[in-house]
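Enquirer: If you read the sequence shown in UniProt numbering, its first letter stands for residue 1, the second for the next number, and so on.
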Amino acid sequence: MPSEPTVPADNAALIESAPTDSRPGAASVWWALLPILLPGLGAPIAFGVATSRRPAPGTVIPLIAYTAAFFGFCVPAANYGSDMVGWLNLFAALSALTATVGACGHLFAIRNRVWGAEKQSIEPSPDPTNRAALDHALRLRDKGRQTIEKDPMLAKRIGIGRPDLPRDIEDGGLIDLNHVPVEILRDLPGFTDATAKQVHDRVEHVGPYQDFNEVIVEIGIPTGFERVLREYVVLIP
1 MPSEPTVPAD NAALIESAPT DSRPGAASVW WALLPILLPG LGAPIAFGVA
51 TSRRPAPGTV IPLIAYTAAF FGFCVPAANY GSDMVGWLNL FAALSALTAT
101 VGACGHLFAI RNRVWGAEKQ SIEPSPDPTN RAALDHALRL RDKGRQTIEK
151 DPMLAKRIGI GRPDLPRDIE DGGLIDLNHV PVEILRDLPG FTDATAKQVH
201 DRVEHVGPYQ DFNEVIVEIG IPTGFERVLR EYVVLIP
């Protein structure tokens, strides 16, 4: 289970309630069973829903793949029927199996990530004495993001999002998910030691994340931690 959210001290207005039960509802079981209940069309429909909720490579690519598998069965069956040759018959059978059993298993695997319950955040009114500090930190984060957008190489060179490095820049507590070490990652809200290592290894072997939705879908961070992570996490190429 992920640890209680730990956020920088200047984030009092963005503290999230820790998710106590982010399990998806029973209706999501029927969603995951669509490829079996509606052979062929069920997989594209289910992954279309997943893509609309979590638009990221982890849902878009399977949508394309299972749609192709659906046509891999339907097109030969429509054109040849019972006259299909051996290899084409095998191809159609494998496509049908992929678009039903394979898709069903895949949907159950990502069910929690797609349908995890969204938790309500707690937004207490900050102490008036800290208001100026909160506003200042917010401006620093906005300035840091603008620098990343305009000149990511400069942002990397001056250490934006890298509290692990000696630097003169103030960035309001930004964290560059693509470059900070595991020791920094594991202190992020919703992260565990295993999650931090998974993110670090993914960046090292596959490449940097391009979009925060990729992180949410691939790593499976509980949705109750998303808002505070989006406030502090940046992705420098």
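Quick reminder that beta carbons are idealized off the backbone N, C-alpha and C, glycines included.
All values reported here derive from a predicted model rather than from experimental measurement.
Could you tell me whether the Cβ atoms of His-200 and Ile-236 are closer together than 8 Å?
Expert: no
Enquirer: So for Asp-176, helix, strand or coil by DSSP?
Expert: Reduced to three states, the DSSP call for Asp-176 is strand.
Enquirer: Out of curiosity, what's the CA-to-CA distance linking Leu-174 and Asp-142?
Expert: 10 Å
Enquirer: Expressed to the nearest angstrom, what Euclidean distance is found between the alpha-carbon atoms of Ile-61 and Leu-185?
Expert: 27 Å
Enquirer: In three-state terms, what does DSSP make of Val-233?
Expert: strand
Enquirer: Counting pairs of beta carbons, one from the region 206-223 and one from the region 45-59, are three or more of them closer than 8 Å?
Expert: yes
Enquirer: From which residue to which residue does the alpha helix (DSSP H) around Leu-34 run?
Expert: From DSSP, the alpha helix (DSSP H) with Leu-34 extends over 34-37.
Enquirer: What separation, rounded to the nearest whole angstrom, lies between the Cα atoms of Asp-187 and Leu-229?
Expert: 11 Å
Enquirer: Distance cutoff 8 Å, beta carbons only. Does Asn-112 sit that close to anything in chain D?
Expert: Annotation note: the requested chain D is absent from the structure, which comprises a single protein chain.
Enquirer: So, helix, strand or coil for Gly-224, using DSSP?
Expert: helix
Enquirer: Quick test of your reading: Gly-25 and Trp-115, contact by CB under 8 Å. State the CB separation rounded to the nearest angstrom.
Expert: Contact between Gly-25 and Trp-115 holds, with the beta-carbon distance rounding to 7 Å and staying under 8 Å.
Enquirer: Tell me whether Pro-163 sits in a helix, a strand or coil according to DSSP, three-state version.
Expert: Residue state, collapsed to three classes: coil.
Enquirer: Quick one: grab the DSSP three-state call for Val-49.
Expert: helix
Enquirer: Can you give the Cα-Cα distance for Arg-162 and Met-153, rounded to whole angstroms?
Expert: 13 Å
Enquirer: If you measure between the beta carbons of Ala-43 and Tyr-66, is that distance less than 8 Å?
Expert: yes
Enquirer: Looking only at its chain, what residues have a beta carbon closer than 6 Å to the beta carbon of Ala-69, apart from the 5 residues adjacent to it on each side?
Expert: Ser-95, Thr-98, Ala-99
Enquirer: Taking Lys-156 as the reference, give the member of Ala-46, Val-234, Ser-52 with the closest Cα.
Expert: Val-234
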